[in-house]
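Visitor:
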Amino acid sequence: MMRWTRRKWLKATALAGSVGFWKKAHGQFGWMKPQGGGQRRRRFVPVKENNPAILRHDMNCERCGDCVAICQQVQTVYGHGKNPEEHECIYCGQCTAICWNHGVTERFHLQEVSQAIREKKEGKSKKTFVAITSPAVRVTLGEMFRMAPGTNVEGQLVTALKKLGFDHVFDATFGADLTVMEETAEFLEKLDAPDVPKPFFTSCCPSWVRFVELFFPEFRKQISTCKSPLRMQSAMIKSYFAQLQKIAPEEIVVVAVTPCTAKKYEATLAGEIPEMDYALTTRELGWWLMEWKIPFVELEETPFDSLLGKGSTAGTIFGNTGGVTEAVLRTAYFRLTGKKPPETFFSLSEVRGLEGLRKAEIDLGGRTIRVGILHGTGAAREYLKMAEKMPFDFVEVMACRGGCIGGGGLPTTEIPLTDSLRAARMQGLYATDRESPLRMSHDNPEIQKIYADFLHSPGSETARKYLHG
26 MMRWTRRKWL KATALAGSVG FWKKAHGQFG WMKPQGGGQR RRRFVPVKEN NPAILRHDMN
86 CERCGDCVAI CQQVQTVYGH GKNPEEHECI YCGQCTAICW NHGVTERFHL QEVSQAIREK
146 KEGKSKKTFV AITSPAVRVT LGEMFRMAPG TNVEGQLVTA LKKLGFDHVF DATFGADLTV
206 MEETAEFLEK LDAPDVPKPF FTSCCPSWVR FVELFFPEFR KQISTCKSPL RMQSAMIKSY
266 FAQLQKIAPE EIVVVAVTPC TAKKYEATLA GEIPEMDYAL TTRELGWWLM EWKIPFVELE
326 ETPFDSLLGK GSTAGTIFGN TGGVTEAVLR TAYFRLTGKK PPETFFSLSE VRGLEGLRKA
386 EIDLGGRTIR VGILHGTGAA REYLKMAEKM PFDFVEVMAC RGGCIGGGGL PTTEIPLTDS
446 LRAARMQGLY ATDRESPLRM SHDNPEIQKI YADFLHSPGS ETARKYLHG
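First residue of the sequence shown: 26, per our numbering; consecutive thereafter.
1) Going by CA-CA distance only, name the one from Lys288, Leu333, Lys146, Phe371 that's closest to Tyr303.
2) Could you say if the segment 479–493 and the segment 380–392 meet the contact criterion of at least three C-beta pairs nearer than 8 Å?
3) Could you check how far apart the C-beta atoms of Gly128 and Asn85 are, in whole angstroms? I think they sit under 8 Å.
4) Report the three-state DSSP secondary structure of Tyr303 (helix, strand or coil).
5) For Lys410, which beta-bridge partners are listed by DSSP?
6) Roughly how many angstroms lie between the CA atoms of Pro59 and Gln97, to the nearest whole one?
7) How about Phe417 and Gly397: do their beta carbons lie closer than 8 Å?
8) Using only the alpha-carbon positions, how far apart do Ile319 and Val178 sit?
9) Where do the ends of the beta strand (DSSP E) carrying Asp388 lie?
10) Expressed to the nearest angstrom, what Euclidean distance is found between the alpha-carbon atoms of Tyr116 and His134?
11) Assign Gly431 to one of three DSSP states: helix, strand, or coil.
12) Are three or more beta carbon pairs between the segment 225–244 and the segment 408–425 nearer than 8 Å?
13) Comparing alpha-carbon positions, which option in Met172, Val155, Glu375, Thr198 lies nearest Leu189?
14) So, helix, strand or coil for Thr176, using DSSP?
15) Got a sec? Which residues, its chain only, sit under 6 Å from Lys474 by beta carbon, not counting five neighbours each side?
16) Near Leu239, what residues of its chain come up, given a Cβ to Cβ distance below 6 Å and the 5 sequence neighbours on each side ignored?
17) If you draw a straight line from the alpha carbon of Ala281 to that of Glu243, how long is it in whole angstroms?
18) Please report the straight-line C-alpha distance between Ala404 and Glu375, rounded to a whole angstrom.
19) Sort Glu111, Gly104, Thr158, Asp91 by Cα distance to Asn126 and report the nearest one.
20) Going by Cα to Cα distance, which pick from Arg406, Pro71, Gly433 is closest to Phe236?
21) Rounding to the nearest angstrom, what Cα-Cα distance links Arg450 and Arg68 in this structure?
22) Use the C-beta contact count for Gln136: other C-beta atoms within 10 angstroms, 16 or more gives buried, fewer gives exposed.
23) For Phe191, which beta-bridge partners are listed by DSSP?
24) With Gly200 as the anchor, note down where its alpha helix (DSSP H) starts and where it stops.
25) Does the separation of the CB atoms of Gly175 and Val162 fall below 8 Å?
26) Taking 8 Å as the cut-off, does the segment 321–338 touch the segment 457–467 (at least 3 CB pairs, one atom from each stretch)?
27) DSSP on Met423, reduced to helix/strand/coil?
28) Measure how close the beta-carbons of Phe343 and Ala352 come, nearest whole angstrom, since I'm counting them as under 8 Å.
29) Starting from Glu131, trace the beta strand (DSSP E) in both directions and tell me its first and last residue.
30) What are the boundary residues of the beta strand (DSSP E) that Asn236 is part of?
31) State the Cα-Cα distance for the pair Pro441 and Arg308, rounded to the nearest angstrom.
32) Taking Glu323 as the reference, which of Phe170, Pro224, Phe225 has the closest Cα?
33) Do Leu446 and Thr437 have their C-beta atoms closer together than 8 Å?
34) Tell me the DSSP secondary structure of His82 in three-state form.
35) Do you know whose CA, among Tyr290, Ala385, Pro224, lies nearest Glu413's CA?
36) Please classify Leu333: does DSSP put it in a helix, a strand, or coil?
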């Protein structure tokens, strides 16, 4: 009976209000019936041994089929490739969030990071450890310590990371502000450019980018060239920050604390500029605090470190579906008009919510921009199949329902995750934005300083070298 309830919840929260693909779902629990006939499929999603984001633990697997359901019917990844027998992964980790017996989990980096910090404390290493925390972590980590969903634990989070042994703790909203600056400039440049196909897609979510590469490569050139916020900030730490602190980049260990298992994949990407070294899920950080018996709820609040550490709350709402769109539109309005956006731009109801596809027409000082917001790769698939019939100028896509606040690496407070919990987490980020005096990325003094001292201007040669892929 309990599993039947789980199934109903999974169906109800899959893509409510967007597409009706659950009508096509069949046999999603237990043994899977393949599309188009043939042999029955296994009851669990196969995970390759070299998968950089997730692991399968056969001894824990109950063969219930829930991971197959979320991957095939909701995320529309498993079984949707050219070869149905070959499983490709977009590293979103939704299978880890639906598994109640740890049959599939994130690929653990906790032990490596913990051991490295222990070695420093014992004098065996002189590395500088830097933590970057994603926006969604502050409104979800508290759930692991029985705090109400959506509670902002930003101050305790910084204190906890310092107690664990990190030398610097930065807020990834700074990286989000960098993304707004670069992505806005790129979007406005392409908006009126001749022969540039539309829409312009965001690139913040690595799982979304990989989804396109695997299933819709014809749209790849329409995705922004911007790296994700964490990769941008990591690149600045290993370059600008390293120069200012007179530390060799190879002596800095950057650890991202994230709601997303796909960031573990990003940590494996090697380019000309070194970036993040490890990615820990929010769950891993919670387990680490428990293991070291750090009384998280009782901790005093500590502010994020300055110099690449602070961001505007335009960057904070990146954790919500629609948040990237709002942040970009605030700066785009200023770039086009030279004026502060109207108050309506600081609570754009048209782009908020949990419908799988939301659309709006936004007046940017006399210029109307058509925007679309998608979350969940199932909804993205439905849109991409009919993109010509739904013309947009700008489309934001997040691979997980709700955006990063529904990420595969967050506390499994509910299995499956309900929209009411997603909404509580989202409101936690929106409340932070409402209460802040700094709500636009281009107004962030630290952003202004890094462009003046190092990057010069959005889209500059230096910016493209460090912040674009």
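We treat Cβ as the ideally placed atom computed from N, Cα and C, and that holds for glycine. Remember, predicted model here, so these are calculated numbers, not experimental data.
Guide: From the atom records:
1) Lys288
2) no
3) 4 Å
4) strand
5) BP columns for Lys410 are empty, so no partner.
6) Low per-residue confidence applies at Pro59: pLDDT is 40, beneath 50, and the placement is therefore not dependable, though the value from the model is reported in the following sentence. Distance between the alpha carbons of Pro59 and Gln97 is about 10 Å.
7) yes
8) 14 Å
9) 382–388
10) 15 Å
11) helix
12) yes
13) Val155
14) coil
15) none
16) Glu113
17) 31 Å
18) 18 Å
19) Asp91
20) Arg406
21) 31 Å
22) exposed
23) Note: Phe191 sits in no beta bridge, so no partner.
24) 198–216
25) no
26) yes
27) strand
28) 6 Å
29) 129–131
30) The amino acid occupying residue 236 in the given sequence is Phe; Asn does not appear at that position. Careful: Phe236 lies outside any beta strand (DSSP E), inside the alpha helix (DSSP H) at 231–240.
31) 16 Å
32) Phe170
33) no
34) coil
35) Pro224
36) coil
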